[in-house]
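Numbering (full-length UniProt numbering), first residue to last: 1 to 308.
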C-alpha cells in the first residue's frame with residue numbers, strides 16, 4: 001500500500017470567535033493560534049496517522065521558518081517529506097481561519113505563496129508514478145494537478161477545492177471526485193438551492209468522473225458510483241469542536257482505505273468515521289485519528305442507505 005499526496009502546505013492562523021462575521025462586519029477574536037495546514041498537507045497528515053507508513057507528500061514551502069514547521073509537522077505524522085521542496089523568494093502558503101465557538105463552523109482565506117510555484121517537473125517523480133493512490137486538490141496550479149494525474153498509474157482521487165472549471169482531460173484521469181455539496185453545485189453550473197440526496201446524485205453524474213463522493217458535513221457522504229446504487233453514508237455521532245480540515249481528513253482516510261484494497265462504499269464508511277473524529281479537537285489536525293481509533297468507532301457508524 002502507498003499513498004502520495006500532491007498539493008498545498010500552509011501555515012494556518014486559527015482565530016476563535018464568538019460568531020462568524022458577515023460581509024463587511026468586524027468581530028473581535030478571543031485568541032489566535034498558529035497551526036500546520038493546507039489541503040494537501042492535511043490529507044497527507046490524515047493518511048500518515050492512519051497508515052503509519054508508505055505516505056509521501058509532494059509540494060513546495062518557502063525557504064523560511066514556517067516551511068520548516070510544515071515539514072516537521074508532516075514528519076511527526078509519519079509522512080515522507082523528501083519531495084517537499086524549499087522555494088527561495090516565496091513565503092510558505094498561509095490561511096486565516098476564524099472558527100466559531102460552539103458550532104465549530106469556519107471561514108477560510110488562503111494565500112498560496114510557494115504553493116503557486118509547484119511545477120509539472122516537481123510531480124513527474126516515482127512517488128507519484130508508482131503510488132497505489134494519488135490524492136490531489138486545487139490549491140496548486142491546475143497544470144501541475146493535470147501533470148500529476150497524467151503521471152499516476154494508480155487510483156487518482158481529486159478534491160476539487162477551491163472549485164474551478166475542470167478540463168475534461170483531467171476528469172478522465174480521476175477515479176474518484178470528492179466535492180462537498182457547494183463545490184458540486186458550482187462545478188455543475190447549477191443554482192444554489194437545497195437539494196435532496198437524489199438531486200445531488202443526478203448533478204454528480206453530469207460531471208464526468210468515474211465515481212463521485214459528495215461530502216455533506218454532519219450528514220455524512222453521498223456515494224455516487226459509475227454504475228450501481230447511490231448510497232448515503234451517515235457518520236457516527238460525535239461532539240464537534242472544530243470542523244476545520246474535516247473534509248481533508250475524509251479524503252486522506254478515503255485514499256488510505258482504497259490503497260489498502262477496500263471498495264468505495266467500505267472506504268467511505270471508514271472516511272466518515274475518521275472525519276467525524278477529526279472534529280472533536282481544535283484545528284485541521286488537532287484530533288486526527290489513528291487506525292485504532294477509527295476501528296473503535298466503526299461499530300457506531302450507521303449502515304448506508306440506498307438513495308432513489
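Here a beta-carbon is modelled for each residue, glycine too, at the ideal position from N, C-alpha and C.
Bear in mind that the values here come from a model prediction, so they are computed numbers and not experimental data.
Cut-off 6 Å between Cβ atoms - residues of its own chain near residue i, not counting five sequence neighbours on either side
{"i": "residue 232", "result": "197, 222, 305, 307"}
{"i": "residue 289", "result": "274, 277"}
{"i": "residue 145", "result": "136"}
{"i": "residue 259", "result": "1, 3, 132, 133"}
Helix, strand or coil at residue i [DSSP, three-state]
{"i": "residue 185", "result": "helix"}
{"i": "residue 63", "result": "coil"}
{"i": "residue 86", "result": "strand"}
{"i": "residue 286", "result": "coil"}
{"i": "residue 172", "result": "coil"}
{"i": "residue 80", "result": "strand"}
{"i": "residue 19", "result": "coil"}
{"i": "residue 296", "result": "helix"}
{"i": "residue 239", "result": "coil"}
{"i": "residue 69", "result": "helix"}
{"i": "residue 113", "result": "helix"}
{"i": "residue 28", "result": "coil"}
{"i": "residue 158", "result": "strand"}
Rounded Cβ spacing between residue i and residue j (contact assumed at less than 8 Å)
{"i": "residue 6", "j": "residue 45", "result": "Not confirmed; about 15 Å, so no contact."}
{"i": "residue 66", "j": "residue 11", "result": "4 Å"}
{"i": "residue 40", "j": "residue 139", "result": "7 Å"}
{"i": "residue 253", "j": "residue 276", "result": "The pair is not a contact, with the Cβ atoms about 10 Å apart (cut-off 8 Å)."}
{"i": "residue 241", "j": "residue 104", "result": "5 Å"}
{"i": "residue 211", "j": "residue 230", "result": "Wrong, their Cβ atoms sit about 11 Å apart, outside the cutoff."}
{"i": "residue 244", "j": "residue 284", "result": "5 Å"}
{"i": "residue 251", "j": "residue 159", "result": "5 Å"}
Extent of the continuous alpha helix (DSSP H) to which residue i belongs
{"i": "residue 42", "result": "39-51"}
{"i": "residue 144", "result": "142-151"}
{"i": "residue 369", "result": "The structure shown does not extend to residue 369, since the chain spans only 1 to 308, so no value can be given for it."}
{"i": "residue 203", "result": "197-204"}
{"i": "residue 121", "result": "120-123"}
Residue i: first and last residue of the uninterrupted beta strand (DSSP E) it sits in
{"i": "residue 93", "result": "93-100"}
{"i": "residue 222", "result": "221-224"}
{"i": "residue 252", "result": "Counting along the chain, residue 252 falls outside any beta strand (DSSP E), though it belongs to the alpha helix (DSSP H) covering 246-259."}
{"i": "residue 128", "result": "Element bounds for residue 128: not the beta strand (DSSP E) but the alpha helix (DSSP H), 126-129."}
{"i": "residue 306", "result": "305-307"}
{"i": "residue 211", "result": "211-215"}
{"i": "residue 135", "result": "133-136"}
7 Å Cβ shell around residue i - same chain, five flanking residues per side excluded
{"i": "residue 156", "result": "134, 136, 149, 173, 174, 175"}
{"i": "residue 181", "result": "200, 214, 216"}
{"i": "residue 154", "result": "131, 132, 133, 134"}
{"i": "residue 31", "result": "16"}
Bridge partners - residue i, DSSP secondary structure assignment
{"i": "residue 11", "result": "36, 94"}
{"i": "residue 56", "result": "4, 80"}
{"i": "residue 233", "result": "221"}
{"i": "residue 177", "result": "158, 212"}
Other residues of its chain near residue i: CB distance less than 8 Å, five sequence neighbours each side excluded
{"i": "residue 301", "result": "233, 234, 235, 236, 269, 272, 273"}
{"i": "residue 64", "result": "91, 92"}
{"i": "residue 203", "result": "184, 185, 188, 190, 195"}
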